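Residue 160 in UniProt numbering is what sits at position 160 of the sequence shown, and the numbering runs on without skipping anything.
Worksheet: one structure, shown below.
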Amino acid sequence: MNAPPPVPVPPAPGAIAGPGPAPAARSAPRPGEPLLRLALLLAASFLGVGVTMPFLPPFLAGKGLGAEAVAGVLFAGSLVRFAVGPAFGRLADRLGDGRLMLVPCAAAAALAAPMFLPAGGFLAVLAVQVVFAAAMAPLGPVGEALTLAATRRAGADYGRVRSAGSVAFILGAVGAGWLASRIGYAAMPWLLGGCYAAAALAAWALPRAEAGAPRPAPTRGGGLRRVFPLHLLRRPGFGRLVAITGLVQGSHAAYYGFSSIHWARAGHSPEAIGFLWSEGVLAEVLLFFWARPLLGRLSPRTLMLLAAGAGVLRWCALAATTEFWLLVPLQALHAVTFGVQYMGAMRWLSANAPPGEALSAQSLHAALGNTGAQAMAMLAAGALYATYGAGAFLAMAALCAVALPVAWRWREG
């Protein structure tokens, strides 16, 4: 007599969806545990970002690179993330398990980061940056897309889970600033290596994808169409969302690339600079934590308009002053220029991404709207800062001014 077929076991609440065989060796995670593991992944990834954004530019300047060379290295990193990010997101969708993409990429970033130390000269630094940027390209978009899907299934607040990444950014910026003030910027590559090693471990600890989740539909044609999900740009509202994100998030390029150098030249210490960066992200954390009651009734279009308007104010003021007591309240606007725009984009993507293509949609949006736009703006910001100094921030204000009518005419689809 044949044995009766096994009774299928339903997915554990909150488990990460995706096609693939159910694991035999691992027990099902308890409810809420997948969200905790995703929060740890975001924390480890953004800990590295908290070290990189404020202190990689002055580290590069300390190696003898001028403003335009620093901008070139940062531009190259953005260009690489722009080029490979959508392909990694598409591959992650096809694999059906984001861990298979996140673990090797985080490990590669951990190995690449210390190579900044022996790199001498522009070309050597550029080569390390290309490898490092390619390795870290999928960590943010894929991790955020997995978190977005998991919180939606669990009925949890995405902003509160995502705030773990922002808190880690603060710790990274403050810790790196404290360390740099004592032993110099040479500690930055080792810190980065440790951060991304932790991210690899956190990604490894994620639950395996459950069977039965949709895979992306087959793409007609070959070549780039199979690798890059450009067909998503034809979806109603998606192209304009990318444009708005590109203008508002791209306007942060001068801030990301040259605010630390600008403030250091004005006499502020590494600890003060780390505090300013952390204070801006702390405002972002508070926004994420209370996003549902504060922003829940506002449409993505309204959130875009708020972010663009705040950007005009923020960048004009940043061009006008380096007084610490004025920079502190100005940095609180980061919650609006970055956080409000980000939450609006995530809300739209959560509601409109095609089944089985959430990672592709998130990666394409991040590549075009964030990375690609910031790469172009960073290149311009380097030339502008080298020539006009703080006047570069006025060009960033102009980008936000252009975003206002684009957002006003956005039909969300």
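Note that beta-carbon positions come from the ideal geometry of N, C-alpha and C, so glycine has one too.
Just so we're clear, the structure is a prediction, and the values are computed from it rather than from any experiment.
{"query": "In this structure, how does DSSP classify His268 when only helix, strand and coil are distinguished?", "result": "coil"}
{"query": "Look at the Cβ atom of Gly177, then the Cβ atom of Ile273, and state whether they are nearer than 8 Å.", "result": "yes"}
{"query": "Quick check: what's the CA-CA separation for Ala61 versus Ala186?", "result": "11 Å"}
{"query": "Can you tell me which of the three DSSP states His252 falls into?", "result": "coil"}
{"query": "For Pro23, count neighbouring Cβ atoms within 10 angstroms of its own Cβ and tell me buried if that reaches 16, exposed if not.", "result": "Low confidence applies here, because Pro23 scores a pLDDT of 42, under 50, leaving its location unreliable and the question unanswered by this model."}
{"query": "Report yes or no: do three or more beta-carbon pairs, one from the region 103-115 and one from the region 129-146, lie closer than 8 Å?", "result": "yes"}
{"query": "Among residues of its own chain, excluding the 5 on either side of Gly407, which ones have a beta-carbon nearer than 7 Å to its beta-carbon?", "result": "According to the sequence as given, residue 407 is Ala; it is not Gly. Closer than 7 Å at Cβ, skipping near neighbours: Ile244, Arg301, Met304, Leu305, Ala308."}
{"query": "Given a cut-off of 8 Å on the beta-carbon distance, is the pair Met378 and Gly257 in contact?", "result": "yes"}
{"query": "My output table needs one value for Gly184: the three-state DSSP class, helix, strand or coil.", "result": "coil"}
{"query": "Looking only at its own chain, which residues have a Cβ that is under 6 Å from the Cβ of Ala386, when we skip the five neighbours before and after it?", "result": "Ala67, Glu68"}
{"query": "Alpha helix (DSSP H) containing Phe132: first to last residue?", "result": "122-136"}
{"query": "So, are the CB atoms of Val248 and Gln341 less than 8 Å apart?", "result": "yes"}
{"query": "Any chance you could list the alpha helix (DSSP H) runs of at least 4 consecutive residues sitting entirely within the region 340-367, in chain order?", "result": "341-352, 358-365"}
{"query": "Taking Ser166 and Phe55 to be in contact with their CB atoms under 8 Å, please state how far apart those CB atoms are, rounded to whole angstroms.", "result": "Actually they are not in contact, since the Cβ atoms of Ser166 and Phe55 sit about 17 Å apart, beyond 8 Å."}
{"query": "Based on Cα-Cα distance, which residue from Leu36, Val125, Phe59, Arg37 lies nearest to Ala76?", "result": "Val125"}
{"query": "Verify whether the separation of the beta carbon atoms of Trp315 and Met396 is less than 8 Å.", "result": "yes"}
{"query": "Within 10 Å of its beta-carbon, does Thr147 have 16 or more other beta-carbons around it, so buried, or fewer, so exposed?", "result": "buried"}
{"query": "Given that a residue counts as buried once 16 or more other Cβ atoms are within 10 Å of its Cβ, and exposed if not, what is Leu123?", "result": "exposed"}
{"query": "Using beta-carbon positions only, say whether Leu333 and Leu359 come within less than 8 Å of one another.", "result": "no"}
{"query": "Classify Thr337 as helix, strand or coil using the three-state DSSP reduction.", "result": "helix"}
{"query": "Taking only three categories from DSSP, how would you classify Trp277?", "result": "helix"}
{"query": "Give the single residue among Pro207, Ala202, Ala398, Arg160 whose Cα lies nearest to the Cα of Ala317.", "result": "Ala398"}
{"query": "If Leu364 sits next to Pro86, beta carbons under 8 Å apart, how far is it from one beta carbon to the other, in whole angstroms?", "result": "5 Å"}
{"query": "Could you name the residues of the same chain whose beta carbon sits closer than 8 Å to that of Arg26, not counting the 5 residues immediately before and after it, in chain order?", "result": "Because the pLDDT at Arg26 is just 47, under 50, the model does not fix this residue reliably, and the value given afterwards should be weighed accordingly. Excluding sequence neighbours, Arg26 sits near Pro207, Arg208."}
{"query": "Starting from the Cα of Met346, find the closest Cα among Thr151, Gly48, Leu111 and give me that residue.", "result": "Thr151"}
{"query": "With DSSP run on the structure shown, which of helix, strand or coil describes Thr321?", "result": "coil"}
{"query": "Straight-line CA distance for Ala149 to His231?", "result": "21 Å"}
{"query": "Measure the CB-CB distance between Thr52 and Leu179 and report whether it falls below 8 Å.", "result": "no"}
{"query": "Report, in whole angstroms, the separation of the C-beta atoms of Gly50 and Leu171, which I expect to be a contact under 8 Å.", "result": "7 Å"}
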